[in-house]
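Worksheet: one structure, shown below.
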Amino acid sequence: MKKIILSVLMLLMHSYAFSQITLTSTISNVSCFGGSNGSGTVTATGGTGPYTYTWTPTNTNSSIITGVAAGTYTVNVEDAVANTSSLVVNISQPTQINVQTNTYAACYGSCSGYSQVFAFGGAMPYTYLWSNGVTSDQNGNLCVGIYSVQVTSANGCTGTTTINIIQPPTLSVTANKTNATCNITCDGSASANITGGIGPFSYYWLPSGATTSSISNLCCGNYSLVVNDNGSQCSESIMFNIVASGNNAIPNTTITSIVNNETCFQSIDGSIDLSVSGSNNGPFTYLWSNGAITQDIYNLQSNIYSVTIVDANSNCSTIFDTVSSIGINCGTILGKVYVDNNSDCNNNTGDNNFQNSLITVNPGNRYAYTNSNGTYVVNNLPYGTYSITLNNNTVNIYPTCTTTINTSVSSGNPNSINNNLSIEFNSATQPDMQITGWNAGVVPGISCHISYSLENLNMITCSGILKITLPSSFIPNITNVIPSSYTISGDTILWNFSNITYSIGAQYYRIDFTPPQSTPLGSLFMNCAFAQASMTDFNSTNNTFCYQRMVTGSYDPNDKTVSPVGVGANGDIAATETDLTYLIRFQNTGNGPAVNIVVKDTLSPNVNINTFEMLGASHNYNIDILPGNVLRWKFNNIMLADSGTNEPASHGYIQYRIKRTNNNAPGTQIKNTAYIYFDFNAPVVTNTAINTIETITGIHSQSANENGWNVYPNPSTGALYIVNSSMLKEYGQIQVLNAMGQIVMEESMNGNYKNIELSKLNNGIYFVKITSDKQSVIKRIVLNK
Numbered sequence: 003m004k005k006i007i008l009s010v011l012m013l014l015m016h017s018y019a020f021s022q023i024t025l026t027s028t029i030s031n032v033s034c035f036g037g038s039n040g041s042g043t044v045t046a047t048g049g050t051g052p053y054t055y056t057w058t059p060t061n062t063n064s065s066i067i068t069g070v071a072a073g074t075y076t077v078n079v080e081d082a083v084a085n086t087s088s089l090v091v092n093i094s095q096p097t098q099i100n101v102q103t104n105t106y107a108a109c110y111g112s113c114s115g116y117s118q119v120f121a122f123g124g125a126m127p128y129t130y131l132w133s134n135g136v137t138s139d140q141n142g143n144l145c146v147g148i149y150s151v152q153v154t155s156a157n158g159c160t161g162t163t164t165i166n167i168i169q170p171p172t173l174s175v176t177a178n179k180t181n182a183t184c185n186i187t188c189d190g191s192a193s194a195n196i197t198g199g200i201g202p203f204s205y206y207w208l209p210s211g212a213t214t215s216s217i218s219n220l221c222c223g224n225y226s227l228v229v230n231d232n233g234s235q236c237s238e239s240i241m242f243n244i245v246a247s248g249n250n251a252i253p254n255t256t257i258t259s260i261v262n263n264e265t266c267f268q269s270i271d272g273s274i275d276l277s278v279s280g281s282n283n284g285p286f287t288y289l290w291s292n293g294a295i296t297q298d299i300y301n302l303q304s305n306i307y308s309v310t311i312v313d314a315n316s317n318c319s320t321i322f323d324t325v326s327s328i329g330i331n332c333g334t335i336l337g338k339v340y341v342d343n344n345s346d347c348n349n350n351t352g353d354n355n356f357q358n359s360l361i362t363v364n365p366g367n368r369y370a371y372t373n374s375n376g377t378y379v380v381n382n383l384p385y386g387t388y389s390i391t392l393n394n395n396t397v398n399i400y401p402t403c404t405t406t407i408n409t410s411v412s413s414g415n416p417n418s419i420n421n422n423l424s425i426e427f428n429s430a431t432q433p434d435m436q437i438t439g440w441n442a443g444v445v446p447g448i449s450c451h452i453s454y455s456l457e458n459l460n461m462i463t464c465s466g467i468l469k470i471t472l473p474s475s476f477i478p479n480i481t482n483v484i485p486s487s488y489t490i491s492g493d494t495i496l497w498n499f500s501n502i503t504y505s506i507g508a509q510y511y512r513i514d515f516t517p518p519q520s521t522p523l524g525s526l527f528m529n530c531a532f533a534q535a536s537m538t539d540f541n542s543t544n545n546t547f548c549y550q551r552m553v554t555g556s557y558d559p560n561d562k563t564v565s566p567v568g569v570g571a572n573g574d575i576a577a578t579e580t581d582l583t584y585l586i587r588f589q590n591t592g593n594g595p596a597v598n599i600v601v602k603d604t605l606s607p608n609v610n611i612n613t614f615e616m617l618g619a620s621h622n623y624n625i626d627i628l629p630g631n632v633l634r635w636k637f638n639n640i641m642l643a644d645s646g647t648n649e650p651a652s653h654g655y656i657q658y659r660i661k662r663t664n665n666n667a668p669g670t671q672i673k674n675t676a677y678i679y680f681d682f683n684a685p686v687v688t689n690t691a692i693n694t695i696e697t698i699t700g701i702h703s704q705s706a707n708e709n710g711w712n713v714y715p716n717p718s719t720g721a722l723y724i725v726n727s728s729m730l731k732e733y734g735q736i737q738v739l740n741a742m743g744q745i746v747m748e749e750s751m752n753g754n755y756k757n758i759e760l761s762k763l764n765n766g767i768y769f770v771k772i773t774s775d776k777q778s779v780i781k782r783i784v785l786n787k
């Protein structure tokens, strides 16, 4: 009996094992976003055939579903003896191709419109087809009208958008003037009267250089006004004179002049042809305001000029003429800088755009700077032939194929596009990690943050550790850290980073914290970051970044700051400090979104424009370097939220670095002020950031081989950071000695940086002795709490 029961059980178990239905699936995903060409196939094994299939939600009764959209599908399978099994099948689709454009309107009556398309989503690379046949991402020389562009991804998906090149009404400028009461008073005035065009408008009066819509206190003479239409990049200029009686004191003469204006602003090809006629035969002598002593003068730029004419009897007369900018016969040069990954001198699919490159255009010594898309633009060029040169102001790249290309602009081709230059990275085996950071303000008891950007300026993949130090008293008050995969060791926050290359762009880090309420106002907040690569770094000098900001009770959301801050109201810095890092912050405090924002910053003559380097910005931008070393950032269609609707999204910033000139004498002041234009409103003028060259020599070493040790800040207000930018990890001891050579503080060191607190010491001169397992270095510092 037991044998019979056992046999039945074994038979049942055997039957149950064969009754199980196992399902597997094969999926073909949707090829383009929103498509319906996905399919799924289910294969059943086990159980007892035949099988029946039911798919939901398609209600399909076969093992295959086809022609379906992306989504989740369930198939139920039943065999011949009513055993069932089900399987969930997920069919996906690529991201949608999004197409955006930057568009510039045409000036009235000309085909000078321009547009550039930016695509993201789908699968790269993209191809482009405009309705006028252009197959590039840039399209220039556009007449008024509507154009479409289709962007096709690598897997054949498409995205389409249209642009409208508009033609504004003719820009017309006149001057409403009031003449001077007499020839020795300067009480004339003039105001601009504008019709047509697209605002906002900017004004440039000559010879005063005023940028307001009206001017006063005018003497007798000739004046000119240039109006720029910022909406369509058109310009118009006029000339007018302020007169009074008795302006000709040479008897029996008639003095006339013919003015030939500049063909374009700053083309320096104007002239004045002077004629003196009548019964007075002279001889005459001439003295022009630019120092010329000839009757006629040439090679003039837009300005007001005066000439004093003296006859043989010492009778004299002074007349005024103004050379203006005609504003026509001008063109634009556009192009991009890219990383030539395969060294074939062609901008191929897979080559990366290269931002923050300085471009020089000659003749004229005009500057341009590549934006985040690698694009540069130079406007207002007189028709002619130009050389375009890539300035290699960084150590990690070198131009390939050629450093200079030539192009021309003419009436038939006012916009010369695709003037592309290529670069390659200097090292084929070493990465080049760079870390930069900024802080929006430090207020005791108020939530603040510090943000850092880490990038690899090479295509060589790099991993490592990012370390950011904060004052030790701030560490307990950290409220949020991004990314969240961090650790804290003492006063240092650490992240591991991996597989960073230039092609993936910058990686961003942020620490939110609340400074202790006891933090003294006016004290110096400083923190440092160090990117420790796991392999030899090509340029270790940019692996460390220290940022300074003054602790304040409140701060203006539209401001400009400089690091190093320096000491005192004039921002005294040591003569050894060469790099100045500027931060311009702006916030929309209006009652609606800001559509377009323009920021202008006139550089101090005491900095070197050729060392200008963009470090970052909150939004996509275009940058121009105008004559007179004026930086102009354009945030087109930024749609910056107002602070009442979305306070966190109402902020923006610009950060750049520049070196001061080598010949700054002690006492030289370096001042910078920014002007922020929100749409059509008057500019918001920031505070003036100032540094003064002090006679303090700053950091001084008694060691012949410092191996990268730096001490910040010097002078110190209490906190002192000791950083080594080399790759060698060093262990040892730090000793602080007073001016008598007595040791007043000792700290151990385990790595490449250390933060020590000197606030308990008296003000004075101290020496920091760094003794490691590899070297000994002595630094002289000043403590000024």
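Everything in the sequence shown is counted per our numbering, starting at 3 for the first residue and increasing by one. Where a beta carbon is used, it is the ideal one built from N, C-alpha and C, also for glycine.
Integer-rounded CB distance, given that residue j should sit under 8 Å from residue i
| i | j | result |
| --- | --- | --- |
| I274 | V261 | 5 Å |
| D574 | E696 | 4 Å |
| F682 | A596 | F682 to A596, Cβ: 10 Å. No contact. |
| L722 | V746 | L722 to V746, Cβ: 13 Å. No contact. |
| Q657 | L585 | 5 Å |
Reduced DSSP secondary structure (H/G/I, E/B, other) of residue i
| i | result |
| --- | --- |
| A596 | strand |
| T62 | coil |
| N545 | helix |
| I168 | coil |
| V784 | strand |
| N195 | strand |
| N292 | coil |
| Y504 | helix |
| P478 | helix |
| S606 | coil |
| S486 | coil |
| S112 | coil |
| P650 | helix |
| N394 | coil |
Close-in-space but distant-in-sequence residues of the same chain around residue i (CB under 6 Å, 5 per side omitted)
| i | result |
| --- | --- |
| C236 | C109, L173 |
| T690 | K673, T675 |
| S117 | T103, T105, N141, I165 |
| T160 | Q152, T154 |
| K771 | Q737, I780 |
| S326 | S226, S239, M241, N263, S304 |
| S259 | I274, L276, D323 |
| L423 | V339, L392 |
Contact check, residue i vs residue j, beta carbons under 8 Å
| i | j | result |
| --- | --- | --- |
| Y714 | K602 | no |
| R789 | L582 | The first residue shown for the chain is 3 and the last is 787, placing residue 789 beyond what the model contains. |
| K787 | S750 | no |
| T546 | F532 | yes |
| N157 | P96 | yes |
| T604 | V569 | no |
| A182 | I217 | no |
| I425 | V341 | yes |
| P668 | A577 | yes |
| N529 | I452 | yes |
| S319 | I361 | no |
Cut-off 7 Å between Cβ atoms - residues of its own chain near residue i, not counting five sequence neighbours on either side
| i | result |
| --- | --- |
| Y768 | V738, L739, N740, I783, L785 |
| D353 | Y340, V341, D342, N343 |
| Y288 | I295, T296, Q297, V309, I311 |
| T589 | A quick correction: the sequence has Gln, not Thr, at residue 589. So the qualifying residues of the chain are P559, N560, S645, S652, H653. |
CB contact check: residue i to chain C, cutoff 8 Å
| i | result |
| --- | --- |
| V44 | Considering every chain present, this structure includes no chain C. It has just one protein chain. |
Report yes or no: do the segment 498-515 and the segment 400-419 share at least 3 C-beta pairs separated by less than 8 Å? no
Within 8 Å, do at least three Cβ pairs link the segment 279-298 to the segment 364-371? no
Taking 8 Å as the threshold, find out whether the segment 542-559 comes into contact with the segment 487-504 through three or more Cβ pairs. no
So does the segment 50-61 actually touch the segment 74-86, counting three or more Cβ pairs closer than 8 Å? yes
Assess contact between the segment 466-474 and the segment 495-503, defined as three or more Cβ pairs (one per stretch) separated by less than 8 Å. Is contact present? yes
Do three or more CB pairs link the segment 333-350 to the segment 381-398 at distances below 8 Å? yes
Three or more C-beta pairs under 8 Å: does that hold for the segment 416-430 against the segment 472-483? no
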